Every structure is written in C-alpha cells, then in structure tokens.
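Top line first, the protein sequences correspond to chains A, B and C. Residue numbers for the first sequence, in the numbering used here: 0 to 158. Residue numbers for the second sequence, in the numbering used here: 290 to 558. Residue numbers for the third sequence, in the numbering used here: 21 to 278. One structure below.
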Amino acid sequence: MKQSKLELYVGLFVLLGIAAIVYLTVKLGAKSLIGGDTYVMEARFTNAGGLNAGSSVLVAGVPVGRVEGIRVDGTDYSAMVTLRVEAGLKLPTDTMASIKTTGLIGDKYVALAPGADDSYLTAGSRITMTESSVDLESLIGKMAFGSVEKGKDSPPPAP
Amino acid sequence: MGADSNQMLLRIEGLNKCFGENVVLDGASLNVPRGSLVTVLGRSGAGKSVLLKCLADVVRPDSGSIHFDGKLLSIGDVSSRADFRRRCSFLFQSNALFDSLTALENVALPLEQTTDLSDKEIRERSLEALRQIELEAHQDRYPSQLSGGMQKRLALARAIVTRPELVLFDEPTAGLDPLRRNAVFAMIAKYQRQFGFTALVVTHDLTEALIASDRVALLDKGRMCFEGTPAEFSASTVAMVEDFRDSAEALGRTLAAIRRGEAMQSEDS
Amino acid sequence: MLRAIGRYSLSIVHELGDFALFTGQSFRSAVGARRLGRRIVRAGFEQGVRCLPVIIIVGMFTGLVLGLQGYYVLNRFGSESLLGTLVSLSLVRELGPALAALMLVGQAGSALAAELGIQRNTEQIAALETMGVSSHAYLITPRLLAALVVYPMQTALFVTVGLWGGSLSGSLLLGLEPGVYWSSVEHAVKAQDVRECIIKAVTFGLLTISLCAYHGFNAHRCSSATGARAVSASTTRAVVQSSIIVLAADYIITSFLV
C-alpha cells in the first residue's frame with residue numbers, strides 16, 4: 000500500500016480514537032472539572048452510610064454539585080459531609096439536606112430542599128437541618144414482610 | 290607489515306568456533322587482497338558458511354582476530370563493527386529478501402535505515418542499482434514474483450546499493466543448474482569489476498570458481514589447507530586439494546569398480 | 021521431581037528476565053532509529069485501522085448483551101433505571117480494556133508473531149543485522165510505540181460503541197427511556213474510572229505487543245520444533261500467553277487501583 004494512503008487511513012483512525020477518548024473523559028468522567036465556579040459548604044449527618052466522595056448533590060432532582068469529602072467529627076461522632084455546589088446557585092440558610100437513594104438499591108445522593116430565609120449560605124457555612132440515610136435493612140424487612148402479607152404478585156410499594 | 294596490510298583489505302587469523310562438542314572452525318586464516326575475487330572452497334560442512342557468518346557477526350567466533358583495512362574488529366564490539374558494516378555487504382544463500390517489500394523497496398531499505406540521504410536521492414540511487422542489475426522493469430514486483438536468478442540479482446543489487454568495499458557471498462550457486470552457476474559467477478565477476486568491490490565467495494563449485502577467481506582457498510575441517518592462485522591450485526600436491534580437484538576422476542574409478550562388480554555378479558549367475 | 025520443579029522455575033525466571041531485557045532493548049533502540057515515524061504509521065495501520073472492524077463489532081455486541089442481560093436482572097428489582105450504571109461501569113472498568121486487548125492480540129498480535137517468526141526463519145532478521153540496521157529499531161520499536169497510543173484509542177472506541185450498544189438494546193428493544201439510560205451512564209462513570217481504563221489499556225498494549233514480538237523474534241530458539249512448526253508454535257505461545265497476561269494484569273491493576 001502507498002505510504003500516502005496509509006497515512007490517510009492512520010490519520011483518520013487517530014482522529015476517531017482521540018474523539019473517543021475525549022468523549023469518555025469529558026462527557027463521562029470529568030464533568031466537574033469543566034464546570035464553572037463552585038463553593039464549599041458543610042452538612043452534619045448522624046448517619047452518612049452509603050454516601051461517597053463524588054456522590055451527587057441535587058436540588059429539585061437537578062444535579063448542582065458533588066460531595067467532596069466525608070469525615071467523622073471527633074466531638075460528637077457525627078458525619079461531616081463537605082458539599083461543593085455551583086457558585087451561581089444561592090441557597091437560603093434554612094435549606095435542608097437529606098441523604099436519599101435512587102431507586103431501591105441505587106446510589107446515595109444528597110438532596111437539598113431550599114427553605115424560605117432571606118439570608119443565603121456562603122462558602123464554608125454549615126447546613127444545620129439534615130436528614131440522614133434511611134436504614135435500608137429495616138426498610139427492606141418491612142417491605143418483604145408487607146409483600147408476603149399482600150401476596151406474591153403485587154409489586155413492592157415505592158419507597 | 291605496513292605495505293602488506295594496506296594491500297590486504299581483510300585478514301583473518303586463527304579463527305576458532307565450536308558449537309558444543311562440534312569444532313567447526315579450527316584456526317582458520319585467510320587473506321583477501323583489495324579489489325580481488327577470492328573464493329573459499331570446501332566440502333559441505335567444512336565450516337565455510339560459519340566463516341562468513343563470523344565475518345558478518347551473525348555468529349560469534351570463540352577466538353581469533355579479523356583485521357579489516359588494517360583495523361582490528363573486536364568480537365561482538367558494536368562500535369568497531371559499525372564502520373565495517375557500513376563498508377561491507379552480505380549476500381545470503383537464501384537471498385533473505387524482504388518478502389513483504391517490492392524490489393525497489395528492498396533495494397532502498399539499507400539506504401533508508403543507515404544513511405541520512407533524502408527520499409529523492411534514495412529513490413534515484415535504488416533505481417540506478419536496479420538499472421545496473423537489469424531489474425528496472427520489475428521494480429514494483431515482490432520477490433516471490435521474480436525467478437530464482439532475478440532474486441539473486443535483486444539480492445546483489447541490495448548488497449551493492451550502499452557502495453560497499455567488500456561483498457561476502459554465501460554459496461551463491463547452491464542448488465542451481467550448471468548454466469545458472471555460470472551466469473551467477475559471470476554476474477559476480479562482471480559487477481565486481483564494474484563497481485570495484487572486493488568479493489569473498491564461499492562455494493563448493495570447483496570448476497566455475499577456478500575460472501572466475503583471482504585467488505582460491507580450500508577449507509577443510511575448520512582449517513585453511515590451501516591458499517593461492519587458481520593455477521597454483523591446479524598444480525598443488527596437497528592431499529585434500531588433490532581429492533577435491535580430482536573428485537570427478539575418483540567418481541569414474543568408483544563407478545568403474547561398481548560396474549566391474551555387476552559384471553562379475555552377472556557372470557556368476 | 022523436586023529438581024524438575026526447580027529447573028522449571030529457573031527457566032521461567034530466566035525467560036521473564038530475558039523478556040524484560042527484550043522490552044527494554046526495544047525502547048532503547050528508539051534513540052537513533054531512522055525514519056521511525058514512517059514505521060510507526062505502518063504499525064498504527066496494522067494495529068489501528070486493520071483492527072477497527074473487529075473492535076467495533078465486538079464492542080457493539082458486548083454492549084447489546086450487557087444491555088439485555090442487565091435489563092432482565094435489574095427488572096426483577098424494579099431498578100431498570102440503573103441499566104446505564106451497570107453497562108457503563110462494566111465496560112469502562114473491565115470489559116473495555118480487557119476485551120479490546122484480547123481482540124487486538126487475536127488480530128494484530130498473532131500477525132506480528134507470525135510475521136517476525138517467518139522473517140527470522142528466512143534470515144530476513146539476520147540480513148537486517150548484517151546491513152547494520154538494528155532489527156529491534158526497525159521491527160519492534162515502532163510497533164511498541166504505536167501500541168502505547170493505539171490501545172487506549174481502541175479501548176475508548178470499544179467502550180463508546182459498547183455504551184451505544186447498551187442504549188440500543190435497553191431503550192430501542194426493551195423500551196427504557198434513553199434519557200434515563202444516558203443520565204445514569206454519565207452519573208456512574210467518574211474520572212477515576214476513565215483513568216483506570218486508560219492505564220489498563222496502555223499496560224495491556226505494552227505487555228501483549230512486546231510478548232508477541234518476543235516470541236516471534238525468538239522463533240529460532242523454540243526448543244520443541246524447527247522451521248514452519250517453530251513459527252506456528254511460537255505464534256500459539258504468543259497468543260496464549262498474551263491472553264493470560266491480559267487477564268492476570270487486569271486483576272493486578274484492579275486490585276491496586278481500587
């Protein structure tokens with residue numbers, strides 16, 4: 000095969016390959032890297048089980064940020080969760096943060112329910128109103144128990 | 290010594306090589322004068338090919354020395370070999386052409402990989418080499434599409450395209466019919482004069498070698514048992530030379546004996 | 021018996037060392053190699069363009085099957101919305117790099133081992149050396165360098181096609197909302213996963229192409245056979261060992277990175 004033709008094909012392949020890599024890294028992998036400005040705040044939970052660094056933060060079901068880190072507060076043994084949220088989004092100080100699950104066995108995420116206060120949360124401030132993870136085991140136990148009572152065919156109630 | 294080493298392009302002294310228990314070269318020595326065609330004769334398995342492969346560094350000798358153009362080539366030393374490799378080409382018995390490259394690409398390869406010439410110069414020089422060897426019309430064919438003789442010529446074109454001072458031929462006539470053998474020797478002699486390289490040919494074809502060569506050497510059991518001109522070879526009384534030279538007569542005598550035996554057997558029955 | 025085990029272990033260690041030296045030599049030969057770019061382009065053609073059809077076909081079917089199986093499994097728990105998570109994570113983390121590498125071994129690696137074996141057999145490699153051309157620099161270095169670039173690309177293509185395959189069987193055949201599928205895909209895959217995927221692809225490329233080249237290049241040292249048999253034996257060994265090393269390295273990398 001002629002060298003020039005060879006180069007053409009290889010060039011096409013390389014373009015295709017680079018496009019695929021860029022697609023994977025940018026579209027799927029590193030969304031947070033290309034976003035705009037963000038700010039950080041903290042939320043205290045009694046139980047952050049199942050939540051990971053990188054989990055989503057949603058307001059009204061729309062992703063607005065990610066969980067940056069989780070650590071244990073040494074004084075009262077509660078979980079301190081650091082949230083990174085888009086700078087454009089102003090949240091009232093009485094915003095409530097709760098840990099929820101997508102579907103039955105899906106990922107955990109932090110849902111923010113904005114309140115009605117006039118003042119807003121700033122970088123580094125702390126969300127005081129929180130709701131911790133639902134205890135899955137007891138929930139499943141309840142559901143399994145309930146479904147047995149109702150009969151085999153009926154679907155389990157949505158959580 | 291000084292004048293002598295200037296005249297000798299290649300000097301081999303006391304080359305030894307064993308493959309396990311098998312002694313292949315046992316102190317082989319050879320002098321190759323500049324600009325000459327030297328033939329090393331010998332029976333199959335006498336160590337001829339190994340001698341060439343030691344020169345080409347495909348096989349490493351156990352001991353001995355090789356001087357090229359007055360300089361010692363250390364065994365297995367890359368830097369001292371680099372100069373030798375640039376000025377020397379090797380023609381394999383099997384031709385060793387690159388079967389996935391066309392004739393032109395085959396010839397161009399040594400230039401592409403060892404020189405800094407531009408693509409245009411390489412193409413010109415490769416075409417020139419093909420033209421001189423009368424293969425220009427087949428430049429886009431692959432080696433498998435060429436006849437045996439053409440392949441041999443192509444291999445020679447690839448060997449001389451780098452303008453070497455020394456070309457080593459390993460059994461260039463092996464397995465060819467007498468007419469082809471003549472043609473190959475004629476080709477070597479012709480191009481050797483045309484390009485002015487020194488040729489070292491290893492073969493067991495006595496008749497052609499005696500006619501075409503300037504000097505002849507006979508290798509037996511890893512030693513050089515004769516070295517001289519073809520005329521001296523014909524007159525030599527060394528036992529091995531006589532055996533080699535008179536092999537046809539020996540065959541005649543053997544056959545005569547067999548026929549006599551058959552005749553006696555038929556008489557018996 | 022004990023001595024046989026000892027001898028066998030020693031020969032393995034010897035071969036491993038030899039292989040490492042071989043790979044090192046291939047990289048070192050890049051210095052001073054002439055017209056390397058052109059050789060890399062040709063190697064890129066062999067590993068890239070030639071293997072593209074098989075990568076796309078296998079990637080598509082892998083995605084389709086993952087979508088189908090995943091849908092039926094998740095359907096039992098009423099979690100079809102997690103189909104994208106399942107397909108994307110299995111593809112990006114494991115199946116993409118491993119299957120793409122196996123396909124490349126089958127297509128490019130076996131061809132490389134056989135080609136080098138024949139070139140060794142017909143003295144073409146010896147001819148290169150007598151011309152003063154480094155056979156490593158001419159035959160192996162460009163292929164190894166090309167593999168470092170081509171493998172991640174092929175893997176990324178495999179994963180991309182697989183994701184579309186998953187969405188095809190999930191949404192078109194089984195009626196899952198495409199938006200649900202893609203949002204769970206985007207949600208599940210993290211930068212760390214993509215990085216792991218690329219690291220695996222580069223490692224597999226390096227190991228398999230070097231291993232195939234090693235066996236082909238040393239076809240003449242094959243102890244069990246000579247000639248054409250040696251070429252076939254070394255090609256078989258190259259493909260088998262490459263396939264094993266892909267899965268073994270996959271396990272090791274996963275256990276170190278996760």
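Beta carbons: idealized from backbone N, C-alpha and C, even for Gly. Note that the structure is predicted; figures quoted are calculated from it, not measured.
Excluding five sequence positions before and after cysteine 71 of chain C, the CB atoms of its chain that fall closer than 6 Å to its own CB belong to Leu124, Gln127, Ala128, given in chain order.
Within chain C, the residues whose beta carbon sits less than 8 Å from that of glutamate 6 of chain A are Val61, listed in sequence order. Residues Gly185 of the same chain have their beta carbon placed closer than 8 Å to that of phenylalanine 81 of chain C, with the five preceding and five following residues left out of the count. In the displayed model, threonine 391 of chain B falls within coil according to three-state DSSP, outside both helix and strand.
Listed along chain C are Ala53, Arg54, Arg55, Leu148, Met151, Gly152, Val153, Ser154, Ala157, Tyr158, each with a C-beta nearer than 9 Å to that of glutamine 402 of chain B.
Within the region 63 to 83 of chain C, contact with chain A at the beta-carbon level (separation under 7 Å) is assigned to Gly64, Phe65, Gly68, Val69, Leu72.
Taking C-alpha positions only, lysine 26 of chain A is separated from valine 107 of chain C by approximately 16 Å. Rounded to whole angstroms, the Cβ separation of alanine 478 of chain B and leucine 326 of chain B is 6 Å, and the two are in contact under 8 Å.
Between the region 375 to 392 of chain B and the region 128 to 147 of chain C, the count of C-beta pairs closer than 8 Å reaches three or more; the two stretches touch. Counting the other Cβ atoms within 10 Å of the Cβ of tyrosine 158 of chain C gives 16 or more, which makes it buried.
Separation of the CB atoms of leucine 168 of chain C and glycine 225 of chain C is rounded to 6 Å, and the pair is thereby assigned contact status at 8 Å. For the pair alanine 121 of chain C and alanine 448 of chain B, the Cα-to-Cα distance works out to about 40 Å. Under the three-pair Cβ rule at 8 Å, the region 406 to 426 of chain B does not count as touching the region 493 to 504 of chain B.
Taking C-beta atoms as the reference points, glycine 64 of chain C and phenylalanine 12 of chain A count as a pair closer than 8 Å. Per DSSP, the continuous beta strand (DSSP E) segment holding leucine 362 of chain B begins and ends at 360 to 362. The continuous stretches of alpha helix (DSSP H) do not include asparagine 305 of chain B, which lies in the beta strand (DSSP E) extending over residues 297 to 308.
With a cut-off of 8 Å on Cβ pairs, the region 235 to 255 of chain C is not in contact with the region 189 to 203 of chain C, counting fewer than three such pairs. When CB distances to chain C are screened at a threshold of 9 Å, the residues of the region 13 to 24 of chain A falling below it are Val13, Leu15, Gly16, Ile17, Ala18, Ala19, Ile20, Val21, Tyr22, Leu23, Thr24, in chain order. When secondary structure is reduced to three states using DSSP, cysteine 242 of chain C falls in the coil class, being assigned neither helix nor strand. Take glycine 53 of chain A, set aside five residues on each side of it, and the residues of its chain with a beta-carbon closer than 7 Å to its own are Arg65, Val66, in chain order. Spanning the alpha carbons of arginine 430 of chain B and asparagine 395 of chain B requires a straight line of approximately 10 Å. Counted as a single uninterrupted DSSP element, the alpha helix (DSSP H) harbouring phenylalanine 533 of chain B occupies residues 528 to 534. The C-alpha of phenylalanine 42 of chain C lies about 19 Å from the C-alpha of isoleucine 60 of chain C. Note that the C-beta distance between serine 155 of chain C and alanine 258 of chain C is not below 8 Å.
Interface residue (Cβ-Cβ distance to chain C less than 8 Å): phenylalanine 379 of chain B is classified as such. Against chain A, the beta carbon of proline 172 of chain C has neighbours under 7 Å at Ile20, listed in chain order.
Burial check for tyrosine 271 of chain C: the Cβ neighbour count within 10 Å stays below 16, so the residue is exposed. In this model, glutamine 483 of chain B and serine 502 of chain B are separated by some 15 Å (Cα to Cα). Interface flag for glutamine 45 of chain C against chain B is unset, since no Cβ pair is found closer than 8 Å. Sorting A/Gly60, A/Met79, A/Val39 by C-alpha distance to the C-alpha of leucine 50 of chain A places A/Met79 at the top. Collapsing the DSSP output to three states places lysine 510 of chain B in coil. With respect to the 8 Å criterion, valine 321 of chain B and threonine 487 of chain B are classified as neighbours on the basis of their beta carbons.
Think of a sphere of 8 Å around the beta carbon of glutamine 144 of chain C: the chain B residues whose beta carbon falls inside it are Ala385, Leu386, Phe387, Asp388, in chain order.
In the same chain as isoleucine 229 of chain C, and ignoring 5 residues on each side of it, the C-beta atoms closer than 6 Å to its own belong to Arg163, Leu164, Ala167, in chain order. The CB of threonine 180 of chain C comes closer than 8 Å to the CB of Ala19, Tyr22, Leu23 in chain A, given here in chain order. As the crow flies, the alpha-carbon of tyrosine 201 of chain C is around 7 Å from that of leucine 102 of chain C.
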